[in-house]
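Taking the working numbering, the leading residue of the sequence shown gets 109, the next gets one more, and so forth. Notes follow once the structure below has been shown.
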Amino acid sequence: MWLLLFSMFITGSLVGLVSSFFGVGACFIMVPAMIAFFESAFHVPPSLAPLIAFGTNMSVVVPTSLSGVLRHRRELKSKGLSFPTKHYLYFGIPVGIGSFIGALFAFTFFATHRATAGILLKGLFGIVCLIGAYRFMKAKPLPVSELNPPNVTKYSASGLFAAIFAHFIGIGGGIVYMPILNTLLKIPVHIAVPISLATMIIGSSVGAASFGILGYIDQIKHPQDYPPLSFGWFNLIAFLSLGIGSIIFAQIGPRLAHKTSPKKFKILLAIVYAYIGIRLIIRSIYQIQGLKPPIP
């Protein structure tokens with residue numbers, strides 16, 4: 109158990125670094141680690157473990173994103189730039205509404221497909237990642253100075269539907285928000301990253317609370333399937349062991365990000381997204397057939 113907890117702390121540290129660098133929740137690191145933790149340490153059923161991991165992941169995303177966005181604001185200020193508050197609010201507030209709707213859809217889907225819901229959602233998440241990788245490779249890097257005034261309708265609609273989808277598949281949302289902010293809304297990548305992180309504070313707060321409450325309804329019916337210190341699809345043990353390292357290392361990512369050119373940054377994002385997508389799709393195909401996945 110102590111070795112598992114130490115491994116979770118190291119994983120959390122890596123999550124904080126990657127999350128604040130790329131503007132994503134780094135759930136592709138955190139979720140698999142938590143699934144393995146729940147299944148090996150507490151023998152949680154394979155269909156339920158991803159749901160608890162998704163809910164706990166969103167809870168860790170909140171303090172990690174807050175730590176990262178505060179660091180990004182300092183980096184922007186040092187370059188004579190300010191955080192685009194209007195762009196953030198027009199996109200972020202609808203995300204709060206969409207997060208609850210997405211969590212409600214996820215609960216309904218789980219209730220009707222309890223044996224396979226978590227596995228199917230992982231596969232869907234993988235497909236989205238591959239689309240994101242393609243978009244980053246094709247998109248032309250935008251200079252940091254080029255930031256157009258926000259279109260309220262376009263920003264709000266994008267935030268609402270992005271959050272519904274992100275929280276339906278159980279993620280913090282950054283992997284969905286970043287391609288939308290950068291390619292659809294034409295926000296330069298170095299500004300899109302802090303907006304994405306700040307948006308995840310809103311979306312993941314609502315999503316984590318929704319997953320906890322809705323998951324508790326299932327926990328009442330199947331308490332034997334849940335690990336200790338769980339409240340619905342949230343686990344305190346995993347939250348603390350991941351969260352501490354994540355918050356600390358989220359201060360390092362922004363410094364590295366602002367030293368990376370937009371062109372290189374875009375390619376790195378595409379590589380990360382492609383790896384996540386291929387990994388999750390292959391694992392889902394194998395698990396739905398009851399086979400051991402070839403990719404750890």
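Just so it is clear, CB atoms sit at the ideal spot from N, CA and C, and this is done for glycine as well. Keep in mind that this is a model prediction, so the values were computed, not measured.
Quick check: what's the CA-CA separation for residue i versus residue j?
i, j, result
"Ala219", "Leu212", "11 Å"
"Ile356", "Ser121", "7 Å"
"Thr307", "Phe199", "8 Å"
"Gly315", "Gly281", "10 Å"
"Ile239", "Ala317", "29 Å"
"Pro257", "Thr172", "28 Å"
"Pro154", "Ile328", "19 Å"
"Ala214", "Gly188", "42 Å"
"Ser369", "Phe191", "19 Å"
"Lys294", "Tyr263", "11 Å"
"Ile396", "Leu159", "16 Å"
"Lys400", "Pro140", "14 Å"
"Lys180", "Ala382", "Before going further, note that residue 180 is His rather than Lys in the sequence given. So the alpha carbons of these two residues sit roughly 25 Å apart."
"Phe273", "Leu184", "30 Å"
"Gly385", "Ile283", "11 Å"
"His195", "Gln332", "45 Å"
"Gly351", "Val152", "21 Å"
"Leu255", "Ile235", "29 Å"
"Phe208", "Phe347", "21 Å"
"Leu337", "Leu344", "6 Å"
"Thr193", "Phe217", "35 Å"
"His330", "Ser175", "36 Å"
"Glu147", "Gly323", "18 Å"
"Ala265", "Tyr285", "12 Å"
"Pro296", "His221", "40 Å"
"Ile201", "Lys372", "31 Å"
"Cys428", "Ala358", "The displayed coordinates of the chain run from 109 to 404. Any statement about residue 428 would go beyond what the structure contains."
"Ile227", "Ser186", "44 Å"
"Ser313", "Arg182", "23 Å"
For residue i, which of helix, strand or coil comes out of DSSP?
i, result
"Ile277", "coil"
"Lys372", "helix"
"Pro140", "helix"
"Gly398", "coil"
"Val126", "helix"
"Lys189", "Before going further, note that residue 189 is Leu rather than Lys in the sequence given. Leu189: coil per DSSP, three-state reduction."
"Lys367", "coil"
"Ala241", "helix"
"Leu255", "coil"
"Val152", "coil"
"Ala223", "coil"
Could you give the residue range of the alpha helix (DSSP H) that holds residue i?
i, result
"Val179", "Residue 179 is actually Arg in this sequence, not Val. Run containing Arg179: Ala157 to Ser186, per the alpha helix (DSSP H) assignment."
"Leu197", "Thr193 to Thr220"
For residue i, which residues of its own chain have a beta-carbon under 6 Å away from its beta-carbon, when the five flanking residues on both sides are left out?
i, result
"Ser149", "One detail in the question is off: residue 149 reads as Ala in this sequence, not Ser. Leu112, listed in sequence order."
"Val203", "Gly267, Ala271, Thr307, Ile310 and Gly311"
"Gly353", "Phe117, Gly120 and Ser121"
"Val177", "Pro302, Leu305 and Ala306"
"Gly231", "Ile389 and Ser392"
"Tyr394", "Pro401"
"Tyr334", "Gln327"
Can you list, in chain order, the residues of its chain with a C-beta nearer than 8 Å to that of residue i? Leave out the 5 residues immediately preceding and following it.
i, result
"Ile379", "Ala241"
"Gly398", "none"
"Phe276", "Gly210, Ala211, Phe213, Ala214, Phe217 and Leu229"
"Ile325", "Phe215 and Gly340"
Excluding five sequence neighbours on each side, which residues of the same chain lie with their C-beta closer than 7 Å to the C-beta of residue i?
i, result
"Ile143", "Ala157, Pro158 and Ala161"
"Gly320", "Gly163, Phe339, Gly340, Trp341 and Phe342"
"Ala223", "Ser155"
"Phe145", "Leu112, Met116 and Ala346"
"Met138", "Thr119, Val123, Asn165, Val168 and Leu350"
"Ile205", "Leu268"
"Val260", "Tyr198"
Looking at the ligand FAD, does it come within less than 7 Å of residue i, judged from the CB to the closest heavy atom?
i, result
"Gln327", "Among the components modelled here there is no ligand, and therefore nothing to report on the ligand FAD."
Length-filtered (4 minimum) alpha helix (DSSP H) runs lying within the stretch 288 to 364 = 297 to 329 and 344 to 357
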